[in-house]
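K.L.:
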Amino acid sequence: MRDLPNGSLARIVKILSPLHNAAETGSSCCAARLEALGLRVGKIVEKVSGMPFHGPVTLLLDGRQIAVGWNISSHVLVVPVKERERAHGRSAERE
832 MRDLPNGSLA RIVKILSPLH NAAETGSSCC AARLEALGLR VGKIVEKVSG
882 MPFHGPVTLL LDGRQIAVGW NISSHVLVVP VKERERAHGR SAERE
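Under this note's numbering, the first residue of the sequence shown is numbered 832, with each subsequent residue one higher.
#1: Quick one: grab the DSSP three-state call for R871.
#2: Between the Cα of N902 and those of V879, V888 and K874, spot the shortest distance and give me the residue it belongs to.
#3: Please go through the same chain and pick out, in chain order, the residues whose beta-carbon is closer than 7 angstroms to the beta-carbon of S880, but skip the five residues on each side of it.
#4: Using the rule of at least 16 other Cβ atoms within 10 Å of the residue's Cβ for burial, across every protein chain shown, is H885 buried or exposed?
#5: Give the DSSP-derived three-state secondary structure of L847 in the structure shown.
#6: Quick check on this structure: which residue in I843, V899, Q896 and I897 has the alpha carbon closest to the alpha carbon of K874?
#7: From A898 to K845, what does the alpha carbon distance come to, in whole angstroms?
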C-alpha cells in the first residue's frame, strides 16, 4: 500500500501477519489496529499521501481520512482499482 502513488484507488486483498518478523515491535497490536481502523480484505481505499522519511501513510476509507504507520502499511497488500469500480461500491465482501 505504501508504494501506491498518491491519489490511487486500491482494494485490500491480503493483510500479512507481522508475527514472523522478530524485529517488529508491537506486532500483536498490528492486526487489532488495522481492524479498529476498518482496514479489511475487500475494502477499497484511496491513498491520500505518504510522508517522506518513513512517515505515516494517509488513506481515505469509507469517507474517513486515517493514517497508518509506514511499517504497518507494508503489511497491507492491495491491487489498484478503477474509479468506476469504486463508484459502483464493489468489494470482495459483497461478491
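Beta carbons: idealized from backbone N, C-alpha and C, even for Gly. All values derive from a computational prediction rather than experimental measurement.
P.N.:
Let's see:
#1: coil
#2: V888
#3: Here the set comprises N837 and T889.
#4: It counts as exposed.
#5: coil
#6: Selected option, being the one with the closest Cα: I843.
#7: 18 angstroms
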